[in-house]
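Let me begin by presenting the structure, written as structure tokens, before commenting on it.
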Ligand SMILES: Cc1cc2nc3c(=O)[nH]c(=O)nc-3n(C[C@H](O)[C@H](O)[C@H](O)COP(=O)(O)OP(=O)(O)OC[C@H]3O[C@@H](n4cnc5c(N)ncnc54)[C@H](O)[C@@H]3O)c2cc1C
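See the structure below:
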């Protein structure tokens with residue numbers, strides 16, 4: 026008989042784990058504290074599915090190409106079910122600028138650079154119903170796991186879980202897919218199996234509001250003002266959704282207190298969106314209605330847990346997958362891909378060796394190889410965004426020559442080159458979508474030479490490649506929303522004094 030696997034949590038990572046392990050003949054039991062989805066379709070799930078275990082359930086979600094490829098290649102029937110439910114594929118061609126379009130010829134690679142997007146409730150509903158039908162998989166909702174059953178040893182071994190009602194379920198393997206609030210690491214540390222972790226604040230707060238197209242209305246034509254962007258004091262994005270729905274997410278640096286308090290109000294949120302031409306086109310009253318409150322989410326962190334420090338497993342028979350293993354800033358949209366990739370790496374480790382210590386080492390090694398480069402790049406980008414947001418409020422003297430050069434290289438070199446040249450857009454997107462190490466494309470001499478060429482041409486020659494004007498600077502936006510543009514700077518000065 027196959028091994029018995031207990032999975033704590035039936036969120037994204039739990040579902041990907043079931044998808045990865047069911048075909049291997051293992052018996053998979055998913056335990057989740059929350060109730061099952063309601064009967065009915067995507068609208069019922071969005072409106073009524075109570076998920077206290079997933080605070081971000083009603084925030085914008087999209088699956089990067091890496092994850093969509095995994096679904097397409099390993100679970101084609103699931104991809105079809107997602108599309109049948111109204112989930113959307115955003116294709117590479119949809120992201121082209123006018124400059125790109127003038128010289129675009131399709132490449133087979135474009136078929137891989139596709140994003141899957143919809144309300145997260147729809148994604149989860151469809152994946153869950155698909156998983157429930159897999160042979161060997163059982164889902165037990167409304168089942169709270171109180172603690173791990175741990176057998177002492179060096180290293181200790183996890184032998185099952187204990188539920189809130191006192192029942193103990195034994196297992197050959199326990200997968201922790203309980204998400205960012207998992208308490209397994211603390212329990213293991215108390216049992217002498219410390220799992221080292223590093224982490225830091227992402228420095229932003231996420232705000233999402235949902236909209237629905239009015240009867241007969243269509244989405245704005247693509248190729249106009251961008252519907253995503255980073256203005257330093259504010260990042261924004263429109264997420265096309267299923268069944269005539271879409272959401273807008275505004276991401277505000279933690280230190281922008283005035284702005285982040287104000288955008289929790291739907292009228293202010295809409296006013297901020299109205300000031301961004303690429304978003305305003307989506308939410309204009311003749312086209313769409315706001316259909317939700319503004320959902321906020323703070324306490325966002327990056328966190329990396331190391332299961333086998335120095336190659337020595339801290340614990341046996343226990344595998345964290347998803348956010349309980351690695352958390353990242355949602356801004357980059359990589360969390361669900363991380364969860365699915367780690368579940369797949371777990372399958373590979375289990376299929377390669379039956380030795381518990383070797384399995385832990387193999388899993389750790391795969392996670393380091395497949396996820397670490399993306400994690401490190403995201404953390405670096407977060408640190409630089411936090412510095413940028415702080416400088417916008419409290420400039421610390423004129424920037425150095427080096428930082429001016431770096432800024433110019435990024436804005437007048439890389440960004441312009443990627444907005445001009447389809448080949449460079451493709452190359453950079455492969456990194457963004459986790460199809461290769463995100464640092465590689467710019468290290469390739471041919472790509473670097475092209476970027477330097479655009480940089481050397483200067484702003485005038487590249488004028489058509491800059492983002493269209495019209496997105497307000499910080500001061501103009503805050504004034505437009507009736508907020509003080511100096512209050513946060515004064516607060517920072519007072520705190521420093
Ligand atoms: C605001 C926001 C936006 C995001 N946007 C994106 C995006 O666009 N694209 C993307 O790829 N990622 C995105 N992410 C990240 C992504 O949502 C997470 O990485 C992903 O949900 C992690 O899956 P998980 O299964 O580890 O955790 P979760 O999805 O949080 O699931 C954890 C599950 O465990 C259950 N549980 C917890 N404790 C227990 C217990 N003791 N007993 C039983 N059950 C338990 C919960 O009920 C829940 O079902 C976003 C995250 C946030 C916060």
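In the working numbering, the protein residues as written are 26 to 522.
The beta carbon of each residue, even a glycine, is placed where N, CA and C say it ideally should be.
Confirm, please, whether the CB-CB distance from residue 347 to residue 37 is below 8 Å.
Against the chain shown, residue 37 aligns to sequence position 12. Against the chain shown, residue 347 aligns to sequence position 322. For residue 37 and residue 347, yes; Cβs fall inside 8 Å.
Which one or two residues does DSSP pair with residue 37 in a beta bridge?
Here the question's residue 37 lines up with position 12 in the chain shown. None, per the DSSP bridge assignment.
Leaving out the 5 sequence neighbours to the left and right, which residues in its chain are closer than 7 Å to residue 176 when beta-carbon positions are compared?
The residue labelled residue 176 in the question sits at position 151 within the chain shown. Result list for residue 176: 182 and 184, in chain order.
For residue 278, the residue or residues it bridges with in DSSP
Within the chain shown, numbered from 1, the residue matching residue 278 stands at position 253. The partner list for residue 278 (beta bridge, DSSP) reads 229.
Have a look at 145, 286 and 122 and flag the residue whose alpha-carbon is nearest the alpha-carbon of residue 113.
Numbered from 1 along the chain shown, position 88 holds the residue referred to as residue 113. Comparing Cα positions, the closest option is 145.
Span of the beta strand (DSSP E), counted from its first residue to its last, around residue 265:
As a position in the chain shown, residue 265 is number 240, starting the count at 1. Looking at the DSSP string, the run of the beta strand (DSSP E) that includes residue 265 is 260-265.
What alpha helix (DSSP H) runs, 4 residues minimum, are completely inside the stretch 169-224?
209-215
Measure the C-alpha to C-alpha separation of residue 41 and residue 215 and round it to an integer number of angstroms.
Numbered from 1 along the chain shown, position 16 holds the residue referred to as residue 41. Numbered from 1 along the chain shown, position 190 holds the residue referred to as residue 215. When rounded, the distance between both Cα atoms is 29 Å.
Check the C-beta distance from residue 206 over to residue 329 and give it rounded, since I have them as a contact under 8 Å.
Translated into the one-based positions of the chain shown, residue 206 becomes position 181. Translated into the one-based positions of the chain shown, residue 329 becomes position 304. Incorrect: roughly 17 Å between the Cβ atoms, too far for contact.
Rounded straight-line distance, which links the Cα of residue 414 to that of residue 422
By one-based count along the chain shown, residue 422 stands at place 397. By one-based count along the chain shown, residue 414 stands at place 389. Going from the Cα of residue 422 to the Cα of residue 414 covers about 15 Å.
For the stretch 436-448 against the stretch 479-495, are there 3 or more C-beta pairs whose distance is under 8 Å?
yes
Among 44, 43, 39 and 52, the one whose alpha carbon lies nearest that of residue 28
Along the chain shown, one-based indexing puts residue 28 at 3. Nearest C-alpha to residue 28: 52.
Does at least one heavy atom of ligand 1 sit under 7 Å from the Cβ of residue 603?
The shown model of the chain, from 26 to 522, leaves out residue 603, and the question about it has no answer.
I'd like to confirm something about residue 358: is its beta-carbon nearer than 7 Å to some heavy atom of ligand 1, or not?
Sequence index remark: in the chain shown, residue 358 carries index 333 (1-based). Checking every heavy atom of ligand 1 against the Cβ of residue 358, one is found closer than 7 Å.
Count the other CB atoms within 10 Å of the CB of residue 59; is the residue buried (16 or more) or exposed (fewer)?
Your numbering for residue 59 matches position 34 in the chain shown. Buried: at least 16 other Cβ atoms inside 10 Å.
Local conformation of residue 321 per DSSP, three classes
Translated into the one-based positions of the chain shown, residue 321 becomes position 296. Here residue 321 sits in strand by DSSP.
Quick one: any contact between the stretch 246-265 and the stretch 455-470, if contact means 3 or more CB pairs under 8 Å?
no
Is the beta carbon of residue 308 closer than 8 Å to that of residue 273?
Stepping through the chain shown from its first residue, residue 273 is reached at position 248. Stepping through the chain shown from its first residue, residue 308 is reached at position 283. For residue 273 and residue 308, yes; Cβs fall inside 8 Å.
Segment contact, 8 Å Cβ cut-off, at least three pairs: the stretch 70-89 with the stretch 129-149:
yes
State buried or exposed for residue 310, treating a residue as buried only when at least 16 other CB atoms are found within 10 Å of its CB.
Numbered from its first residue, the chain shown carries residue 310 at position 285. Classification for residue 310: exposed.
Threshold first: 4 residues or longer. Then list the alpha helix (DSSP H) segments lying entirely within the stretch 73-161, N to C.
90-99, 101-109, 123-127 and 145-157
Check whether the Cβ of residue 33 sits closer than 7 Å to any heavy atom of ligand 1, and report yes or no.
For the purposes of this step, residue 33 is taken as the residue at position 8 of the chain shown. Result yes, Cβ under 7 Å from ligand 1.
When the Cα atoms are used, what is the spatial distance from residue 435 to residue 485?
For the purposes of this step, residue 435 is taken as the residue at position 410 of the chain shown. For the purposes of this step, residue 485 is taken as the residue at position 460 of the chain shown. Rounded to the nearest angstrom, the two C-alpha atoms are 17 Å apart.
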